[in-house]
Amino acid sequence: MVRSISRKPALWQAGLALAASIALTAGPAVAAGKDTPLLKPLNVTLCVFDIQGARGDISRYAQDLALDARQWNIHLNIRSYTDERIAAEEFKAGQCDGVALSTLRARPFNKFIGSIDSIGAAPDYRHIKAIAAALDHPRINPLTISGDFQAVTVMPLGASYVMVNNRHIDSIDKALGKKVAVLDFDKPQSLIVQRLGARAVSSDYFSFGNRFNNGEVDIIMAPALAVKPLELDKGMGAYGGIYRLPLTQVTGTLLINRTRLLKEVPDLDARISRLREYALVEIDKAVSYIRKQEQAIPAGYWLDLPPAEQEKYLHMMRDSRIQLTREGYYDTRMMSLMKKVRCRYEPGSYECTMDEE
Numbered sequence: 007m008v009r010s011i012s013r014k015p016a017l018w019q020a021g022l023a024l025a026a027s028i029a030l031t032a033g034p035a036v037a038a039g040k041d042t043p044l045l046k047p048l049n050v051t052l053c054v055f056d057i058q059g060a061r062g063d064i065s066r067y068a069q070d071l072a073l074d075a076r077q078w079n080i081h082l083n084i085r086s087y088t089d090e091r092i093a094a095e096e097f098k099a100g101q102c103d104g105v106a107l108s109t110l111r112a113r114p115f116n117k118f119i120g121s122i123d124s125i126g127a128a129p130d131y132r133h134i135k136a137i138a139a140a141l142d143h144p145r146i147n148p149l150t151i152s153g154d155f156q157a158v159t160v161m162p163l164g165a166s167y168v169m170v171n172n173r174h175i176d177s178i179d180k181a182l183g184k185k186v187a188v189l190d191f192d193k194p195q196s197l198i199v200q201r202l203g204a205r206a207v208s209s210d211y212f213s214f215g216n217r218f219n220n221g222e223v224d225i226i227m228a229p230a231l232a233v234k235p236l237e238l239d240k241g242m243g244a245y246g247g248i249y250r251l252p253l254t255q256v257t258g259t260l261l262i263n264r265t266r267l268l269k270e271v272p273d274l275d276a277r278i279s280r281l282r283e284y285a286l287v288e289i290d291k292a293v294s295y296i297r298k299q300e301q302a303i304p305a306g307y308w309l310d311l312p313p314a315e316q317e318k319y320l321h322m323m324r325d326s327r328i329q330l331t332r333e334g335y336y337d338t339r340m341m342s343l344m345k346k347v348r349c350r351y352e353p354g355s356y357e358c359t360m361d362e363e
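Numbering follows the numbering used here, in which position 210 of the sequence shown is assigned residue number 216; successive positions increment by one, without gaps.
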């Protein structure tokens, strides 16, 4: 179920594998064609979330790339974790110099970056690439640094769609009282569901698919990449489906302990800048793969909301995003940046004349 991009990735692991590869620095060094090996060996410990542990595809992929990194005098120690929460805690405790994890889990380390996955903020993948490209801007790069930590880049893992076990749940009103699986560590998900009048059922990466397939919940929100590996067609059955309107863009983030690495790598900022350039190329590859997987889902599962209901959803997402920002869950600066990106691509949108974000 857990695979690298070259091996048909599943769910969020696709982006984490990419993030892990970027962390090795060898890739961007080769791409730049002008970097030289470090003058002295650099020992780096990288935390990797792999649901299958040290023998999983992500871990093996990272180990392969660690061999390549040696030509740049970088010696990587890969630590694999089957629990993303523990990987994050180990990184925070200083046991790892870098960590690849979901952007939702990265929010406590950097609220600015952790707000990218906010509801309705990125209608499609080009918005995520635009945000990733902006991270190196002189006025934005400082916002990627928080205390000892720095967010290096983000990777798209797939748009998160509403999946239902009954296609008659085709409006906000019909979601009233329905049970919806939400990630237990992402408070905004629960608040949004509650405001819709639905019932939030606390879940994790391991259980949300099973809850849907077993009929414990009526609705889940997940990328299309999750359908095949988690067999979500069982949960949708003959009467369910996937609404084509994305609620969020799920992303992965690469974090580093900047304080520690800066002591060892004086030109760290220059290397991060080149690494981000390399990441933009990888984003194109990831999006291409994600789109192919979305297209591989049988057409009969895809559903479209009535135009009037779609408009209601768009307004609901905007109102929820603004309210959650006011309540401190999302970063105001990221919300402003993402609105600028949306209005760059759709200048005629009604929100572009408003100033709440």
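Glycine is no exception: its CB is placed at the ideal position from the N, C-alpha and C atoms.
- The beta carbon of Leu311 lies closer than 7 angstroms to those of Asp176, Tyr249, Leu251 and Tyr319 in the same chain, with the five residues before and after it left out.
- For Arg250, the enclosing beta strand (DSSP E) covers residues Gly247 to Asn263.
- Cβ-Cβ distances below 8 angstroms link Asn79 to Pro43, Leu44, Leu45, Lys46, Pro47 and Leu48 in the same chain, with the five nearest sequence neighbours on each side left out; the list follows chain order.
- In terms of CA proximity to Gly104, Thr265 leads the group Lys184, Asp337, Ile328 and Thr265.
- In this structure, DSSP gives Thr51 an extended state, which the three-state scheme calls strand.
- The beta-bridge partner set that DSSP reports for Tyr167 consists of Ala228 and Pro252.
- For Val105, the enclosing beta strand (DSSP E) has its first and last residue at Gly104 to Ser108.
- Sixteen is the threshold: when 16 or more other Cβ atoms of the shown chains lie within 10 Å of the Cβ of Tyr211, as they do, the residue is buried.
- When secondary structure is reduced to three states using DSSP, Ile80 falls in the strand class.
- In the three-state scheme derived from DSSP, where H, G and I count as helix and E and B as strand, Lys234 is classed as coil.
- Separation of Asn83 and Ala72 (C-alpha to C-alpha, rounded to the nearest whole angstrom) is 8 angstroms.
- Gln299 sits in a helix when the DSSP states are folded into three classes.
- One thing to note: Thr109 has its Cβ no nearer than 8 angstroms to the Cβ of Asp130.
- For Thr338, the secondary structure class from DSSP, reduced to helix, strand or coil, is helix.
- The Cβ-Cβ distance between Leu163 and Val256 falls below 8 angstroms.
- Comparing alpha-carbon positions, the option among Gln77, Leu52 and Gln58 lying closest to Ala68 turns out to be Leu52.
- DSSP lists Tyr249 as the bridge partner or partners of Leu309.
- Taking Val347 as the centre and dropping the five residues before and after it, the same chain places the C-beta of His133, Ala136 and Ile137 closer than 7 angstroms to its C-beta, in chain order.
- Counted as a single uninterrupted DSSP element, the stretch harbouring Ser208 is not any alpha helix (DSSP H) but the beta strand (DSSP E) occupying residues Arg205 to Ser209.
- Annotation note: the segment 142-194 contains no uninterrupted alpha helix (DSSP H) run of length 4 or greater.
- The continuous alpha helix (DSSP H) containing Ala136 extends over residues Tyr131 to Ala140.
- Straight-line spacing of the CA atoms in Ala140 and Val158 works out to 12 angstroms.
- When the Cα atoms are used, Val271 and Asn263 turn out to be separated by approximately 12 angstroms.
- In the DSSP assignment, Asn220 falls outside any alpha helix (DSSP H) and carries neither an H nor an E.
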